[in-house]
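Okay, so the sequence shown: first residue is 1041 according to the numbering used here, each after it adds one.
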Amino acid sequence: MGGVLEGCVALVTGASRGIGAAVVRRFAAEGAEIVAVARTQGALEELDDDIRAAGGKPLVLVPEDLCKPGLIEQVAAAIFQRFGRLDILVGNAGAIGGGLTPVAQHAPDDWDEAFAVNVTANWRLIRACDPLLRMAPAGRAVFTTSAAAGAAEPFWGAYAASKAALEAMVRAWAAEIANVTAVKANLLDPGVVATRLRSIAFPGENQSKLAQPDDVAGAFLDLCLPGCPHQGEVIRINP
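Written out as structure tokens, the structure reads:
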């Protein structure tokens, strides 16, 4: 299957459902070799079956918790051994931190989860994958963010704070690698999309009226192409 990502190697986290799965499908349709990371093995296997049925390349499945100690480093080492580089990194896995809760009432474990998934795991991805991205002709990294990062809305404290930290971290990294590598790193806010995370925040919402994950996958693709003009930016769609 040919396409604009033919010959490219992509790592996508949070890949088993929602936006992550939509990105995997879009990248696979464009010919990418994809390493798909998510906790739900059955959903990853179903996604792999669908992509194979559509003529795409088999996925490299990593059915593990992204926060598992040493996992990210092991995945990066395996990518180097198998492919010798990484063309695309999509840090999409996210956690809302137990749901919408007043800051003063957040359970410590929920708060820690939001930062572990939204910030620390992405830092570990950057740390492990930076050398691999530099080995690619035009390495690209995209991280999923949210307007909540700057909105300071009530009850969104853990999620908003962790996404704000993610944005600051990725923009700092982008500034460090600008002009000294071919790697470009950006953040993408897909707006209001029908996802499992959204359903946790708004359990009674009719998601059929929202943008669907496949509707925003093309925006991720645009940021991963060699001609992408952006560096260290927060791109917002579907406002």
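Heads up, the beta-carbon is just placed ideally off N, CA and C, and yes, glycines get one too. The structure presented is a predicted model; accordingly, all values stated were derived computationally and were not measured.
Determine the closest residue to G1054 out of A1201, Y1199, A1215, R1236, with distance taken between C-alpha atoms. R1236
Determine the contact status of R1125 and A1176, defining contact as a CB-CB distance below 8 Å. yes
Cα-Cα separation, H1200 to A1133: It is worth fixing the name first, because residue 1200 is Ala in this sequence and not His. Spanning the two alpha carbons is a distance of roughly 15 Å.
Who are the near neighbours of M1209 in its chain, counting only those whose CB is closer than 8 Å to its CB and skipping five residues on each side? Cβ within range, chain order: V1159, N1162, W1163, I1166.
Can you give me the C-alpha to C-alpha distance between A1117 and P1253, rounded to a whole angstrom? Rounded to whole angstroms, A1117 to P1253 spans 30 Å at the Cα level.
Can you give me the C-alpha to C-alpha distance between E1153 and F1120, rounded to a whole angstrom? Whole-angstrom Cα-Cα distance: 29 Å.
Quick check on the burial criterion: 16 or more other C-beta atoms within 10 angstroms. Buried or exposed for G1096? buried
Note the first and the last residue of the continuous alpha helix (DSSP H) segment covering N1246. That residue, N1246, is in no alpha helix (DSSP H); it is neither H nor E in DSSP.
Pull up the DSSP beta-bridge partners for R1276, would you. D1229
Cβ of A1296 within 8 Å of Cβ of I1277? With the chain represented from 1041 up to 1279, any question about residue 1296 goes unanswered, as that position is not in the structure.
If you compare alpha carbons, which of L1140, G1071, V1182 is closest to V1274? V1182
From E1073 to D1105, what distance separates their C-alpha atoms? 21 Å
In this structure, how does DSSP classify G1138 when only helix, strand and coil are distinguished? coil
Which of helix, strand or coil does DSSP assign to A1188? helix
Helix, strand or coil: which one does DSSP assign to L1280? For the chain, the structure presents residues 1041 to 1279; residue 1280 sits outside this window and is missing.
Please report the residue range of the beta strand (DSSP E) in which V1049 lies. Counting along the chain, the unbroken beta strand (DSSP E) around V1049 starts and ends at 1049-1053.
Tell me the DSSP bridge mates of I1074? According to DSSP, which records beta bridges pairwise, I1074 is partnered with A1050.
In whole angstroms, what is the alpha-carbon distance linking S1186 and K1203? 7 Å
Please classify K1249 as buried or exposed, where buried requires at least 16 neighbouring CB atoms within 10 angstroms. exposed
For E1207, count neighbouring C-beta atoms within 10 Å of its own C-beta (all shown protein chains included) and say buried if the count is 16 or more, exposed if not. buried
With a threshold of 6 Å on Cβ separation, who are the neighbours of E1070 within its own chain once the five nearest residues in sequence on each side are excluded? G1043, V1044, L1045.
For R1057, three-class secondary structure by DSSP: coil
I'd like the list of long-range same chain contacts for A1198, defined as Cβ closer than 6 Å, with 5 residues on each side in sequence excluded. G1137, H1146, W1151, A1154
What are the boundary residues of the beta strand (DSSP E) that includes P1103? 1100-1103
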